[in-house]
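Colleague: According to numbering that gives the first Met the number 0, the stretch in the sequence shown is residues 0 to 295, in order.
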Amino acid sequence: MKTHLLSALIVILFQTSCSGQSKRIEEKMMECTYQSYPDNGLAFKQLISDYQTLLIDEEILADSSAKSYRDLLKKFADGKGFDKVPSKYFYIEFRNLEKGNEEALRKCREQVLNDSAMYSSSKLKAFKSVIQSNSPKASILAKEILDVLSEEDFELHLYKLCTFMMFSYIETDAGVVENAQTVTDYDRTKALNIRLTKNKEILVNNQSASMAELKTLVKEYEYNNESKSTIILISHADLSYGFYKQISDAIIQEIAELRNRISIEKFNLEYKALNEEQKSQINEIYPHKFVEKMQE
């Protein structure tokens, strides 16, 4: 599947830095992001620090050095998989932060770009070009990033974030749905079959559907079948990753809404407020069971 790291990656990486006289443009852009938050980015900075600690504690990063970050990205580039993956995904944790002031952020970023005569020849521009490309898989994207960035670049928060985000979008030949339970033993006739064509057409059980109709069909299917539900998601090999991720996110969101509804009914609490045992009970009722395939 031809891919790029998703607009969400660009949003995070280019909404984000620190201060000083001879700062690089990457630091200034990060500073814009921090300043757009009501707390001046304290929670965001803490999240970066905490996630780095998590990767070190789980022995995914050797330490906090720039070399460790570049070495980790090399593992993505090798495409040989990982002995370990993090227990949490940075993008999911990031989404829980209070949103910043988007207008203030936009103006700050524009000002930085206007004041930065060297942007056109900067690594930032080259890096942005790479992650907006249609690299066919994560390993190729990682190689392209490594061609642009040196070891010292990974001392910057922006490029550390890049490494964090790569875990959220690791692709196998079949793609990836966040937090999905992959199944191999299933009854195709009882599954909800979703096919995405290279022209971005959505087919649900061989019937054309809009995004709104897809959401309704997913929710109805999951509601009626509960733990017996299985979703088959077939994507054309030439489909853009951005559209694929948009669809997979929509599916996950519908299941999340059902989980939240039954959490309130069963425990009088929203899903996010449940303890692990309670979440496990809800997850058994509405699991994320996916069969992902790629079609030539």
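From the three backbone atoms N, C-alpha and C, an ideal C-beta is built for every residue, glycine too.
On a predicted model such as this, the values are computed, not experimentally measured, just so you know.
Less than 8 Å separating the beta-carbons of residue 214 and residue 249?
Modeller: Yes, the Cβ-Cβ distance between residue 214 and residue 249 is below 8 Å.
Colleague: Over the uninterrupted alpha helix (DSSP H) stretch that includes residue 113, give me the two end residues.
Modeller: Run containing residue 113: 101-114, per the alpha helix (DSSP H) assignment.
Colleague: Short check: CB of residue 285 to CB of residue 219, under 8 Å?
Modeller: No.
Colleague: Does the distance from the CB of residue 103 to the CB of residue 35 come in under 8 Å?
Modeller: Yes, these two residues count as a Cβ contact at 8 Å.
Colleague: Buried or exposed for residue 234, going by 16 or more other Cβ atoms inside 10 Å?
Modeller: Flag for residue 234 reads buried.
Colleague: Can the beta-carbon of residue 46 be found closer than 8 Å to that of residue 85?
Modeller: Contact: no.
Colleague: Spatial neighbours of residue 242 within its chain, please: CB distance less than 6 Å, with the 5 preceding and 5 following residues excluded, ordered by chain position.
Modeller: Once the five neighbours on either side are set aside, the close Cβ partners of residue 242 are 199.
Colleague: Kindly list the residues whose CB is nearer than 7 Å to the CB of residue 268, restricted to its own chain and excluding five residues on each side of it in sequence; keep chain order.
Modeller: Cβ within range, chain order: 262.
Colleague: Quick check on residue 272: buried or exposed, where buried means 16 or more other Cβ atoms within 10 Å of its Cβ?
Modeller: Exposed.
Colleague: Of all the options 143, 119, 166, which has the alpha carbon lying nearest to the alpha carbon of residue 129?
Modeller: Comparing Cα-Cα distances from residue 129 to each of 143, 119, 166, the minimum goes to 143.
Colleague: State the beta-bridge partners of residue 301 as determined by DSSP.
Modeller: Absent from the structure is residue 301, since the part of the chain shown begins at 0 and ends at 295.
Colleague: Judging by CA-CA distance, which residue of 77, 30, 64, 87 is the nearest neighbour of residue 57?
Modeller: The option with the nearest alpha carbon to residue 57 is 87.
Colleague: Excluding the 5 residues flanking residue 292 on each side, which residues of the same chain have their C-beta closer than 8 Å to its C-beta?
Modeller: Closer than 8 Å at Cβ, skipping near neighbours: 173, 231, 232, 233, 234.
Colleague: Quick check on DSSP: helix, strand or coil for residue 194?
Modeller: Strand.
Colleague: What is the DSSP secondary structure of residue 67, counted as helix, strand or coil?
Modeller: In the structure shown, residue 67 sits in a helix (DSSP, three-state: H, G or I).
Colleague: Classify residue 156 as helix, strand or coil using the three-state DSSP reduction.
Modeller: Residue 156: helix per DSSP, three-state reduction.
Colleague: Shortest alpha-carbon distance to residue 165 belongs to which of 281, 74, 277?
Modeller: The shortest C-alpha separation from residue 165 is found at 74.
Colleague: Could you give the DSSP three-state label for residue 290: helix, strand or coil?
Modeller: Here residue 290 sits in strand by DSSP.
Colleague: Residues in its own chain within less than 6 Å of residue 270 by CB, not counting five upstream and five downstream?
Modeller: Closer than 6 Å at Cβ, skipping near neighbours: 258, 259, 262.
Colleague: Excluding the five sequence neighbours on either side, which residues of its own chain have a C-beta within less than 8 Å of the C-beta of residue 63, listed in chain order?
Modeller: Closer than 8 Å at the Cβ level, and outside the excluded window around residue 63, lie 51, 55.
Colleague: On the CB-based measure, 16 or more other CB atoms within 10 Å of its CB, does residue 77 come out buried or exposed?
Modeller: Under this definition residue 77 is an exposed residue.
Colleague: Which residue comes first and which comes last in the alpha helix (DSSP H) that contains residue 47?
Modeller: Segment 41-56, the alpha helix (DSSP H) holding residue 47.
Colleague: How is the alpha helix (DSSP H) around residue 233 delimited, first residue to last?
Modeller: Careful: residue 233 lies outside any alpha helix (DSSP H), inside the beta strand (DSSP E) at 230-235.
Colleague: Looking only at C-alpha atoms, which of 99, 113, 28 sits nearest to residue 42?
Modeller: Nearest of 99, 113, 28 to residue 42, Cα basis: 99.
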